[in-house]
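Encoded as structure tokens, the structure appears first; notes follow it.
There are 2 protein chains.
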Amino acid sequence: MPEEPAERQLHFNLFLMGVGHHEAAWRHPRTDPAAAGDVAHFQRLARAAEAASFDSVFLADGVEARSDGGWGLISHFEPFTLLTALAAVTTRIGLIGTVSTGFSEPYNLARQFASLDHISRGRAGWNIVTSAGDRAAQNFGRSANQDHAVRYERAAEFLDVVTALWDSWEDGALLLDRASGAFAAPGRVHDIDHVGKHFQVRGPLNIPRSPQGHPLLVQAGSSDNGRAFAARWAEAVFTAQQTLAEGQAFYADLKRQAAAAGRDPARVKILPGVVPVLGSTEAEARALDEELDALISPARAVGVLSTVLGVDLTGHPLDEPLPPLPPVTEINGAKSRFELIRDLAERDRLTLRQLVGRLGGGRGHQVVVGTPEQLADHIETWFTRGAADGFNIMPPVLPGGLDDFVEQVVPILRARGLFREGYTGSTLREHYGLPRPAGRYAAA
Amino acid sequence: MPEEPAERQLHFNLFLMGVGHHEAAWRHPRTDPAAAGDVAHFQRLARAAEAASFDSVFLADGVEARSDGGWGLISHFEPFTLLTALAAVTTRIGLIGTVSTGFSEPYNLARQFASLDHISRGRAGWNIVTSAGDRAAQNFGRSANQDHAVRYERAAEFLDVVTALWDSWEDGALLLDRASGAFAAPGRVHDIDHVGKHFQVRGPLNIPRSPQGHPLLVQAGSSDNGRAFAARWAEAVFTAQQTLAEGQAFYADLKRQAAAAGRDPARVKILPGVVPVLGSTEAEARALDEELDALISPARAVGVLSTVLGVDLTGHPLDEPLPPLPPVTEINGAKSRFELIRDLAERDRLTLRQLVGRLGGGRGHQVVVGTPEQLADHIETWFTRGAADGFNIMPPVLPGGLDDFVEQVVPILRARGLFREGYTGSTLREHYGLPRPAGRYAAA
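Note that the protein sequences, when read in sequence, are chains A and B. According to UniProt numbering, the residues represented by the first sequence are 1 to 444, in order. According to UniProt numbering, the residues represented by the second sequence are 1 to 444, in order.
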């Protein structure tokens, strides 16, 4: 396993999102809205990110849609199928898919990630979510979603099962010895015999241990439960942080919690999301930002915001302040995102229309509007001042916004010695400087 | 939709199976056993079958493995990931994956097939199984599998839900009208509000209707429950039939049941499995057959047979006849395959060693040992005498056995006007001459 280079380097993940992260990207003349349903568009994005030696691409996901056609944040494609289609046209970049622990069986999920890891030769990552909101639960036989704490309890047990299944074939257990006829080594494929509160799983998995041992574990929830879960399990963390001070506080807290959980904090990589709105001058960047915001359809944006908040605001007058929101303790969704949005609306006394405009660029992630130099300064500041190990890049329009970032910002960061010139490893774990886990069943 | 050509044509499906269907394929000098774990091997097979204008490739599947490393019939790769990897390197051939209704949620399954159908531009098919045996159930929180009849009851409701989800977006519901900001057409995306005995699913699906409307529905169970299910749902049927008379009886029965269910029997394509053991002379073919059988490891083969039968025969003396088997009413597995094997063992008074030898070639499917002309005659006979609409091709070794079939048998069948020279359609449904279903929610 190659070690992390002596000098700490930035990690970049491309956050895939249709034709762009801005709410109105699909209406902007620089995009082709039909591309969100065309696998070739995503293949082009993955190849462009790979050409720039990004660590990974990442697909968000949900298991719901609204019958008014408002997709919210939901991707058109299902993650395993889309990521495999990206694996087929790339060779180095990591492929991170979101799958909920709430609506899948651990055996199926362990298998699909192991299979993707084999097919991609060690490039699979799992962004672990517990899924917020009742709408998803209603697609799976429940009238309402499980409580936030129960979801995390289930998630922790889910991880115990999945990682045991990934280890159930020891490395090298597949012999394929033609002469003797021995297919697998006796005693090196294991039942896991998990019996827990939420799951009973015998094992073994029906696929040998995958190139990375365990696909990379990624997490994105920033609530108290979410941070505790990340400290225990996550190797990369995607997060939304608006200010440097908030970013530093989150970074320090998560590294501290990881250490308290007995882990090396350097092996938990923290990547805040950033929406780069670029122009050759600051004024040009501002004009693009305003041009995008003017295209927001408030009705659609309110539907998206309702999904994100877990509070139905459809029908509320656009030019009035938000109605009183329930206390966060009653929110059974993405608690930390709820608080971020609530605080923003209260602090700046925003009407609903103003709020959806403010969130249209990045759904709570920081939006940096400026020149490539200004964005590079911003990235360097966060990276060197204890707020980030890298960034989750969220271009407002795709593919154009990615091309801009790669052509205009990456060279500046390379010139400053902050970002690699090319890949030094071949697996996703190697890109992030993370070790390959040993199997738990292997004889000492 | 192109119509079926005026003259009825054969349909060919390549049944993917590691490095070959013969039990000992991995020990034969013509194979590379490590290829079973290499996606490039499967990509090469799919491209070769596509070059020969086969209708489809098909991947069997199970959700279990044995800790002694005996995989039985289980594929190394998970179907959605493997088939997407094949979609990425082909453009016309259909991609059929096995997924059980017993251990998946209908929302997840509907989504993954719809996503594969979009990615492949209309080439996805679902081989519907209910999964036999307790071992799989033990990976999903149950000590034993559900009863055969309950499994089929659940499967029928599962199909109701999945097809409704596939229809939940009407064709053309995705507007993407930039000028107006209308993303989807009002009233053309539907909740399905399914409330049944096994499932409650609100919908809609979070992906627009796929190129085929419904991915092709395939089925392979030949028990009474299985046939009734196929008559209601299946558009292609994979089956194991040993003799022409048995094949004709099955064909006639299933077509009759489909008609009784109100369907056009011509739209239920029946494809028996056949293992082509080819030689330039019959003696050469026999020599290959014997060479393969001599490589069978009886212990491993008994494990596979135990899985297929649903009766544990491991430890039974190899050179004695089978122990008394339970009545089929007590078999909660693949009932029709159990009867086929039991009858074969009784009819020919086989020891366990002889039985595993007899089954080693095709697990109950017909094994045709002979010259390309002889196999072409066999295929023509079944096709023209009411036993088959095509064949599920199961080469004993892969890729070599597929190459032999394509190079030696396909040209004979083309010369006889029985098999197409090239594709006439672009979707899997078009290859099989099947219509694209209308959506149930579309206004008249």
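All C-beta atoms in this analysis are idealised placements derived from N, C-alpha and C, irrespective of residue type, glycine included.
How would you list, in chain order, the residues of chain B whose beta-carbon sits under 7 angstroms from the beta-carbon of A:Arg111?
If you number the first sequence from 1, residue 111 of chain A lands on position 111. Correct list: Glu78.
Whose C-alpha, out of A:Ser131, A:His316, A:His194 and A:Ala245, is nearest the C-alpha of A:Glu157?
On the first sequence, residue 157 of chain A is found 157 positions in, with the first residue counted as 1. Nearest of A:Ser131, A:His316, A:His194 and A:Ala245 to A:Glu157, Cα basis: A:His194.
Measuring alpha carbon to alpha carbon, tell me which residue in B:Pro215, B:Gly20, B:Asp191 and B:Leu413 is nearest B:Pro204.
On the second sequence, position 204 is the one that residue 204 of chain B refers to. Of the candidates B:Pro215, B:Gly20, B:Asp191 and B:Leu413, the one whose C-alpha sits nearest the C-alpha of B:Pro204 is B:Asp191.
On the CB-based measure, 16 or more other CB atoms within 10 Å of its CB, does B:Ala46 come out buried or exposed?
Taking the first residue of the second sequence as position 1, residue 46 of chain B is located at position 46. Residue environment analysis places B:Ala46 among the buried positions, since at least 16 neighbouring C-beta atoms fall within 10 angstroms of its C-beta.
Along the region 104-138 of chain A, where does the CB come closer than 8 angstroms to a CB of chain B? Name the residues.
Ser104, Glu105, Tyr107, Asn108, Arg111, Gln112, Ala114, Ser115, Leu116, His118, Ile119, Arg135 and Gln138
Between A:Phe140 and chain B, is there a C-beta pair that is closer than 9 angstroms?
Here residue 140 of chain A corresponds to residue number 140 of the first sequence, with the count starting at 1. Cβ-Cβ to chain B under 9 angstroms: yes for A:Phe140.
Minimum C-alpha distance to A:Ala294 - residue among A:His22, A:Leu10 and A:Met17:
Numbered from its first residue, the first sequence carries residue 294 of chain A at position 294. Of the listed residues, the one whose Cα sits closest to A:Ala294 is A:His22.
Which residues in chain B have a C-beta closer than 7 angstroms to the C-beta of A:Ala261? List them in chain order.
One-based indexing of the first sequence puts residue 261 of chain A at position 261. By Cβ distance, chain B contributes nothing, its closest Cβ being about 28 angstroms from A:Ala261, past 7 angstroms.
Three-pair Cβ contact test at 8 angstroms for the region 46-62 of chain B versus the region 322-330 of chain B
Because the criterion of three Cβ pairs below 8 angstroms is not met, the region 46-62 of chain B and the region 322-330 of chain B do not touch.
Exposed or buried, which one is B:Asp312 when buried takes at least 16 other CB atoms within 10 Å?
Working through the second sequence from its first residue, we reach residue 312 of chain B at position 312. Exposed.
A:Ala231 CB to nearest chain B CB: under 9 angstroms?
Stepping through the first sequence from its first residue, residue 231 of chain A is reached at position 231. False, the Cβ-Cβ gap to chain B never drops below 9 angstroms.
What do you get for B:Glu50, buried or exposed, if any count of 16 or more other CB atoms within 10 angstroms of its CB means buried?
In the second sequence, counting from the first residue as 1, residue 50 of chain B sits at position 50. B:Glu50 should be labelled buried.
Quick check: the Cα distance between A:Ile331 and A:His148, rounded to an integer number of angstroms?
On the first sequence, residue 331 of chain A is found 331 positions in, with the first residue counted as 1. On the first sequence, residue 148 of chain A is found 148 positions in, with the first residue counted as 1. So the two alpha carbons sit approximately 9 angstroms from each other.
Are the C-beta atoms of A:Thr84 and some chain E residue less than 9 angstroms apart?
Of the chains in the structure shown, none is chain E; the protein chains are A and B.
Interface partners of A:Thr307 on chain B, CB under 9 angstroms:
To locate residue 307 of chain A, count along the first sequence from 1; it is residue 307. For A:Thr307, no chain B residue has a Cβ inside 9 angstroms of its Cβ, as the nearest lies near 12 angstroms away.
Just to check my reading of the structure: A:Leu278 and A:Asp404 have Cβ atoms closer than 8 angstroms, yes? What is that Cβ distance to the nearest angstrom?
Locating residue 278 of chain A in the first sequence gives position 278, counting from the first residue. Locating residue 404 of chain A in the first sequence gives position 404, counting from the first residue. Indeed, because the Cβ distance is near 5 angstroms, the residues count as touching under 8 angstroms.
is_contact[A:Asp191, chain B] using C-beta, thresh 9 angstroms
Within the first sequence, numbered from 1, the residue matching residue 191 of chain A stands at position 191. Closer than 9 angstroms: yes.
Answer yes if the region 296-304 of chain A comes into contact with the region 379-398 of chain A, meaning at least three C-beta pairs across the two stretches below 8 angstroms, and no otherwise.
no
Could you check the C-alpha separation between B:Thr101 and B:Ala144 for me, to the nearest Å?
Position 101 of the second sequence, counting from 1, holds the residue named residue 101 of chain B. Position 144 of the second sequence, counting from 1, holds the residue named residue 144 of chain B. Rounded to the nearest angstrom, the two C-alpha atoms are 16 angstroms apart.
Counting only beta-carbon separations shorter than 9 angstroms, does A:Gly221 have a partner in chain B?
The residue given as residue 221 of chain A occupies position 221 in the first sequence. Output row for A:Gly221: interface = no.
Pick out whichever of B:Thr84, B:Ser67 and B:Gly181 has its Cα sitting closest to the Cα of A:Arg27.
Residue numbering aside, residue 27 of chain A sits at position 27 when the first sequence is read from its first letter. Considering only alpha carbons, the answer is B:Gly181.
First and last residue of the alpha helix (DSSP H) that includes A:Lys197?
Here residue 197 of chain A corresponds to residue number 197 of the first sequence, with the count starting at 1. Note, A:Lys197: premise wrong, no alpha helix (DSSP H); not H, not E.
Chain-ordered chain A contacts of B:Glu23 [CB-CB under 9 angstroms]:
The residue given as residue 23 of chain B occupies position 23 in the second sequence. None at all; the shortest Cβ gap to chain A is about 11 angstroms.
Name the chain B residues that come within less than 8 angstroms of A:Arg202, Cβ to Cβ?
As a working note, residue 202 of chain A is residue 202 in the first sequence. Residues of chain B passing the Cβ test: Arg135, Gln138 and Asn139.
In the DSSP assignment, what are the bridge partners of A:Ala182?
Counted from its first residue, the first sequence places residue 182 of chain A at position 182. A:Ala182 is bridged to A:Asp177.
Do B:Gly133 and B:Glu235 have their C-beta atoms closer together than 9 angstroms?
Stepping through the second sequence from its first residue, residue 133 of chain B is reached at position 133. Stepping through the second sequence from its first residue, residue 235 of chain B is reached at position 235. No. Outside cutoff.
How is B:Thr329 classed by DSSP in three states: helix, strand or coil?
As a position in the second sequence, residue 329 of chain B is number 329, starting the count at 1. DSSP places B:Thr329 in helix when its eight states are reduced to three.
Any chance the region 406-422 of chain B sits against the region 24-41 of chain B, with 3 or more Cβ pairs inside 8 angstroms?
no
A:Gly401, DSSP secondary structure in three states
Taking the first residue of the first sequence as 1, we reach residue 401 of chain A at position 401. If DSSP states are grouped into helix, strand and coil, A:Gly401 belongs with the helices.
Find the nearest neighbour of A:Ala36 within the set A:Gly187, A:Glu380, A:Phe77 and A:Glu407, judged by alpha-carbon distance.
Position 36 of the first sequence, counted from the start, is the residue given in the question as residue 36 of chain A. The shortest Cα separation from A:Ala36 among A:Gly187, A:Glu380, A:Phe77 and A:Glu407 belongs to A:Phe77.
Where A:Ala112 sits in the DSSP three-state scheme
Along the first sequence, one-based indexing puts residue 112 of chain A at 112. First, the residue type needs correcting, since residue 112 of chain A is Gln and not Ala in the sequence shown. Per DSSP, reduced to three states, the secondary structure at A:Gln112 is helical.
Under a three-way DSSP split, which group does B:Ile207 fall into?
Residue numbering aside, residue 207 of chain B sits at position 207 when the second sequence is read from its first letter. The DSSP-derived three-state label of B:Ile207 is coil.
List the residues of chain B that A:Gly181 touches, going by C-beta distances under 7 angstroms, in chain order.
Here residue 181 of chain A refers to the residue found at position 181 of the first sequence. Under the 7 angstroms cutoff, chain B gives Arg27, Ser297 and Arg300.
Going by DSSP, what residue range makes up the alpha helix (DSSP H) through B:Thr98?
For the purposes of this step, residue 98 of chain B is taken as residue 98 along the second sequence, with counting starting at 1. No alpha helix (DSSP H) holds B:Thr98; the beta strand (DSSP E) holding it covers Gly94 to Ser100.
Does the beta carbon of A:Thr81 come closer than 9 angstroms to any beta carbon on chain B?
Within the first sequence, numbered from 1, the residue matching residue 81 of chain A stands at position 81. Closer than 9 angstroms to some Cβ of chain B, the Cβ of A:Thr81 qualifies, so yes.
Take the Cβ of A:Gly72 as the centre, count every other Cβ of all protein chains shown within 10 Å, and call the residue buried at 16 or more, exposed below.
By 1-based counting over the first sequence, the position of residue 72 of chain A is 72. Unreliable positioning characterises A:Gly72 in this predicted model, as indicated by a pLDDT of 47, which lies under 50. The coordinate reading is nonetheless provided below. Buried, by the Cβ-count rule.
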